[in-house]
Amino acid sequence: MSLAERYEEFMPPRDDEPVRALSDAQIQQFIQDGFVRIDRAFPRALADQCRAILWRDLPCDPADPSTWTRPVVRLSHYGDEPFKLAANTPVLHAAFDQLVGKGRWRPRPNLGTFPVRFPSPDDPGDAGWHIDVSFPGESSDPEERHHFSSWRVNVTSRGRALLMLFLFSDVAECDAPTRIKVGSHLDIARLLEPAGEAGLSHAELGQSGAALDRPMALATGEAGTVYLCHPFLVHAAQMHRGKVPRFLAQPPLAPAEPFRLVRDDGSYSPVEIAIRLALQEGRR
């Protein structure tokens with residue numbers, strides 16, 4: 391049975407209608423702010439199934455908060471069918487087409503890393519502002535090349551088409567929602583342009599302090615909500631001050647072809663348009 395056929399099992403009855411994707415206003419918001427929120431991007435029933443699988447592998451008891459002794463536990467690369475279904479709903483595929491371009495992205499085989507955050511007074515140690523790097527540096531030392539601090543990002547976002555935040559539990563303001571610097575992708579594009587194809591490393595970006603004066607938004611929502619973010623969006627984790635563990639996946643969407651900032655036919659995606667607008671503004 392195909393993913394599409396399995397997905398239908400989780401959906402309520404509906405009239406025959408086209409798949410809901412993004413409105414013109416949402417696409418404009420993505421270009422300007424660097425992200426768009428899609429409610430009910432995948433069914434709550436799938437979120438419930440996925441959380442049950444994740445709890446199975448966590449070193450604690452869901453019914454006993456005294457066992458929640460760590461502020462964050464990371465679980466990785468679940469390819470079970472509920473995760474594949476959640477990552478590949480018709481609504482999300484339609485939104486990927488609109489933001490990245492039809493045929494220019496690759497479906498997700500899994501949902502990457504789950505940083506499961508628990509209520510805790512302790513600093514999780516990973517709450518700094520950053521953007522996600524996407525390709526290794528060209529160091530001649532294999533050990534250095536695979537060290538995270540040497541990974542890089544460039545102005546055409548080599549290796550990453552979108553940053554995505556999948557909410558697998560209800561996330562309120564006290565439940566460690568991801569913090570987002572609104573419009574910061576524009577600052578990062580201008581920062582990356584002089585570095586050319588080689589781009590900048592995680593360490594170099596961390597020293598820039600770029601975009602930190604931008605307004606902040608919180609990635610809150612019900613289970614089944616997905617935030618689709620520009621790959622240059624500055625974001626950060628935070629301490630969990632609520633009562634219920636937060637389950638979130640943060641996979642990249644991989645490109646099927648490189649982004650291009652010069653296209654003869656003018657068929658720019660919103661991701662590319664945002665970068666081009668940022669660079670044009672920077673030259674004024």
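Quick note: the sequence shown uses our numbering, first residue 391, plus one each step.
All C-beta atoms, glycine included, are put in the ideal place defined by N, C-alpha and C.
- W495 has P645 as its beta-bridge partners, per DSSP.
- Residue range 471–477 is occupied by the alpha helix (DSSP H) that includes K474.
- The beta carbon of T615 sits closer than 6 Å to the beta carbons of D429, L557 from its chain, once the five residues preceding and following it are set aside; these are given in chain order.
- In this structure, DSSP gives P605 a state outside helix and strand, which the three-state scheme calls coil.
- For D423, the number of other beta carbons within 10 angstroms of its own is at least 16, and it is reported as buried.
- In this structure, R441 and P645 do not form a Cβ contact; the two beta carbons are roughly 30 Å apart against a cut-off of 8 Å.
- Taken in chain order, the unbroken stretches of beta strand (DSSP E) that lie wholly in the segment 502–534 and span 3 residues or more are 503–507.
- The straight-line gap separating the alpha-carbon atoms of I578 and F622 is approximately 6 Å.
- Counting C-beta pairs closer than 8 Å gives three or more between the segment 541–549 and the segment 583–596, which meets the contact rule.
- In the DSSP assignment, L552 forms a beta bridge with L643.
- Between the alpha carbons of P433 and L475 lies a gap of roughly 9 Å.
- S657 sits exposed, since fewer than 16 C-beta atoms from the chains shown fall within 10 Å of its C-beta.
- Note on geometry: alpha-carbon atoms of G502 and L553 lie some 11 Å from one another.
- Taking G518 as the centre and dropping the five residues before and after it, the same chain places the C-beta of A626 closer than 7 Å to its C-beta, in chain order.
- Here the alpha carbon of L643 sits roughly 12 Å from the alpha carbon of V661.
- Beta bridge pairing from DSSP links V561 with G611.
- Spanning the alpha carbons of L489 and Q419 requires a straight line of approximately 11 Å.
- L651 sits in coil when the DSSP states are folded into three classes, being neither helix nor strand.
- For S574, the enclosing alpha helix (DSSP H) has its first and last residue at 574–582.
- Per DSSP, F432 lies in no beta strand (DSSP E) and is assigned neither H nor E.
- If you draw a 10 Å sphere on the C-beta of V652, you find fewer than 16 other C-beta atoms in it, and that means exposed.
- Relative to the Cα of A562, the nearest Cα in the group I521, R498, N478, A607 belongs to A607.
- Per DSSP, reduced to three states, the secondary structure at S456 is helical.
- In this structure S559 does not touch R464 by the C-beta definition: roughly 16 Å separates them, more than the 8 Å allowed.
- Leaving aside the five residues that flank L412 on each side, the residues in its chain whose CB is nearer than 6 Å to its CB run, in chain order, A485, Q488.
- A593 is the residue among P480, A664, R446, A593 whose C-alpha sits nearest the C-alpha of P526.
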